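Contents: one structure, followed by commentary.
The following block contains the structure:
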């Protein structure tokens, strides 16, 4: 396996030029996102997939996410096929960009930390898109979140979660929390692991997500200047339901994601 632990050469002379056009594009794209949330998502929050066909609001979420990745110089590439709604997607987590990346291929309700709900503009856009907010460390909040997840899944919406419970860095894949898998068992929907991977020239790039102790704003600024990347979404074989062994479901999902992160599969990719 070939891994690139740096994102660009030591001296990247094109970085200042990328800021010149990417920053204005980002501001315009955010404005477009506000308009889409106001005109489309606020009126279509609860639409669901029918007969395997995506509703218009979901297609708009995917289109906006693909274009946002392009602003950052990333090309969204899909490997494998996502299951039809409703499904519980479980993915590895390195930064905020993971949400956009998965949304570029399938619109889903994400579970995110409650602090995001208070962020100016971002919190409103996330809530409008169906995000479920969770206060970390609160058992009461987790119970409420689990019930909302079950309700959304039973209502026909897919839900996406990051079972690590937080972001990793330097390619570290942390232990998956098993309790979150109970929502899929209660709603009787499948669990599909999803590996989110970044590469340049076929080599895996590890620090496209957060670096250790890097802030949200710093990460955005750094990524805006980076050289182009492939942002890969690997939809993997579903984890079999194990009512008496949530831990087994979590371990199997983690193992399949770990394998996909380490082994590129260029023969079945779709842009």
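Numbering (our numbering), first residue to last: 102 to 372.
Glycine is no exception: its CB is placed at the ideal position from the N, C-alpha and C atoms.
Note that this is a predicted model, so its numbers are computed, not measured.
Counting only runs that start and end within the region 221 to 293, where is the beta strand (DSSP E) found for 3 or more residues in a row? Given a length threshold of 3 residues, each whole run of the beta strand (DSSP E) inside the region 221 to 293 is given here in chain order: 233 to 235, 260 to 262.
Which residue or residues does DSSP assign as beta-bridge partners of residue 211? Paired residues: 261.
Terminal residues of the beta strand (DSSP E) in which residue 177 lies: For residue 177, the enclosing beta strand (DSSP E) stretches over residues 175 to 180.
With a threshold of 16 other CB atoms inside 10 Å of the CB of residue 244, please say whether the residue is buried or exposed. So residue 244 ends up on the exposed side.
Could you check where the alpha helix (DSSP H) with residue 204 kicks off and where it finishes? Taken as a continuous stretch (DSSP letters only), the alpha helix (DSSP H) holding residue 204 covers 198 to 204.
How many angstroms separate the CA atom of residue 282 from the CA atom of residue 161? In this model, residue 282 and residue 161 are separated by some 28 Å (Cα to Cα).
Between the C-alpha atoms of residue 328 and residue 170, what's the straight-line distance to the nearest angstrom? Each residue's alpha carbon lies about 13 Å from the other.
Identity of the residue in 331, 222, 124, 179 nearest residue 139 by Cα: Nearest option by C-alpha distance: 222.
Whether or not the region 315 to 326 and the region 282 to 296 are in contact is what I'm after, with contact meaning three or more pairs of Cβ atoms, one per stretch, closer than 8 Å; do they touch? Remark: fewer than three beta-carbon pairs, one from each stretch, lie closer than 8 Å, so the region 282 to 296 and the region 315 to 326 are not flagged as touching.
Going by DSSP, what residues sit across from residue 333 in a beta bridge? In the DSSP output, where bridge partners are listed per residue, residue 333 has 178, 298.
Give a yes or no on whether the C-beta atoms belonging to residue 119 and residue 326 are separated by under 8 Å. With contacts defined as CB atoms closer than 8 Å, residue 119 and residue 326 qualify as a contacting pair.
Kindly list the residues whose CB is nearer than 6 Å to the CB of residue 188, restricted to its own chain and excluding five residues on each side of it in sequence; keep chain order. For residue 188, where only same-chain residues beyond five positions count, the Cβ hits under 6 Å are 259, 290, 291, 293.
From this set, 194, 269, 309, which residue's C-alpha is nearest residue 263's C-alpha? Of 194, 269, 309, the residue nearest in Cα terms is 194.
Could you tell me the distance, in whole angstroms, from the CA atom of residue 347 to the CA atom of residue 356? A direct Cα-to-Cα measurement between residue 347 and residue 356 gives close to 14 Å.
Measuring alpha carbon to alpha carbon, tell me which of 228, 233, 336 ends up nearest residue 359. For residue 359, the nearest C-alpha among the options comes from 336.
Excluding five sequence neighbours on each side, which residues of the same chain lie with their C-beta closer than 7 Å to the C-beta of residue 182? Same-chain partners within the cutoff: 336.
Endpoints, the alpha helix (DSSP H) within which residue 158 is located: In the DSSP assignment, residue 158 falls within the alpha helix (DSSP H) that extends over 157 to 172.
What separation, rounded to the nearest whole angstrom, lies between the Cα atoms of residue 343 and residue 350? Looking at the two C-alpha atoms, the distance is approximately 7 Å.
Any idea what DSSP makes of residue 307, helix, strand or coil? In the three-state scheme derived from DSSP, where H, G and I count as helix and E and B as strand, residue 307 is classed as coil.
Nearest-angstrom Cβ-Cβ length linking residue 310 and residue 268, presumed shorter than 8 Å: Their Cβ separation, rounded to whole angstroms, is 6 Å, which keeps residue 310 and residue 268 in contact under 8 Å.
Just to confirm, is the Cβ distance from residue 209 to residue 180 under 8 Å? Going by C-beta atoms, residue 209 is not nearer than 8 Å to residue 180.
DSSP state of residue 188 mapped onto helix, strand, coil: In the structure shown, residue 188 sits in coil (DSSP, three-state: anything other than H, G, I, E or B).
Residue 332 and residue 175: beta carbons closer than 8 Å? Yes. Within cutoff.
Can you find the residues in the same chain that come closer than 6 Å, C-beta to C-beta, to residue 362, ignoring five residues on each side of it along the sequence? The residues are 296, 298.
What does DSSP give as the partner residue(s) for residue 340 in the beta ladder? DSSP, once it has assigned bridges, lists 292 as partnering residue 340.
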